[in-house]
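*Asks:* Dumping the structure here so I can ask a few things about it.
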Amino acid sequence: MLSIIGCSLTALIIGAVVYFLVKAFLDKENKNRQLEVISNGKKQILPVRLQAYERIVLFLERISPENMILRVSKPGMDAFQLQTELISTIRLEFEHNLSQQLYISSTGWDLVKTAKEDLISTINSAASQLGQNADSAQLAGKIFELYGKKKNNPINIALEHLKDEVRKLF
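For reference, each letter of the sequence shown is one residue, going 1 to 170 in this note's numbering.
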């Protein structure tokens with residue numbers, strides 16, 4: 001009887017040790033698989049994130065006054081028509097890139113929105129300083145004047161921040 005209890009106790013101890021060793025091994029394997037899945041996910045998402053940064057940088061470059069006014073302005077436009085077209089272009093391009101906020105930081109996205117709103121405000125401010133009979137060239141000049149006076153250009157701030165974020169990815 002004593003030998004049966006001794007054998008049973010030995011079997012229980014060996015069983016417990018085997019159970020804990022197998023459990024530790026399986027837990028480690030499960031953790032390794034999770035890390036592999038995360039690693040593969042990052043490899044797949046990185047190109048998408050980079051494309052998002054590229055698109056937002058392109059958006060900021062496209063709405064910079066020197067690029068956008070040359071692209072949007074047409075001969076014979078008056079100041080109001082140019083103002084309307086500029087603001088419409090900014091909003092359309094922004095809406096086209098709304099989904100990119102999923103892939104960049106909240107701070108980066110906030111800086112992009114600030115740059116957009118600041119530019120719209122500058123355009124409206126420039127238009128309000130001109131007379132009703134002003135032409136598009138006068139509005140363009142006023143926008144360049146007001147935007148050039150900004151010490152901290154919001155578009156450049158957003159661009160630099162986004163570039164820093166991309167550098168941190170590598």
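Just so it is clear, CB atoms sit at the ideal spot from N, CA and C, and this is done for glycine as well.
1. If we call anything under 8 Å between Cβ atoms a contact, is Leu-130 one with Ala-79?
2. Taking the alpha-carbon of Asn-67 as reference, which of Glu-117, Ala-140, Glu-95, Lys-168 has the nearest alpha-carbon?
3. Phe-94 lies in the alpha helix (DSSP H); which residues open and close that run?
4. Going by C-alpha to C-alpha distance, which of Leu-9, Ile-56, Gln-81 sits closest to Ala-134?
5. Which complete alpha helix (DSSP H) runs does the stretch 115-163 hold, if anything under 4 residues is left out?
6. Within the continuous alpha helix (DSSP H) that includes Leu-102, where are the two ends?
7. Measuring only the C-alpha atoms, how far is Glu-95 from Lys-31?
8. Can you tell which of Ala-127, Gln-132, Leu-162, Val-72 has the C-alpha that lies nearest to the C-alpha of Glu-145?
9. Hey, how far is the Cα of Ile-104 from the Cα of Phe-20?
10. Check Ser-64 in the structure and name its three-state DSSP category.
11. Please name the residue, chosen from Phe-59, Ser-136, Leu-70, Asp-118, that lies closest to Ser-99 on a Cα-to-Cα basis.
*Replies:* In short, the structure shows the following:
1. yes
2. Ala-140
3. 79-96
4. Gln-81
5. 136-148
6. Leu-102 -> no alpha helix (DSSP H), and no H or E assigned at all.
7. 41 Å
8. Ala-127
9. 43 Å
10. coil
11. Phe-59
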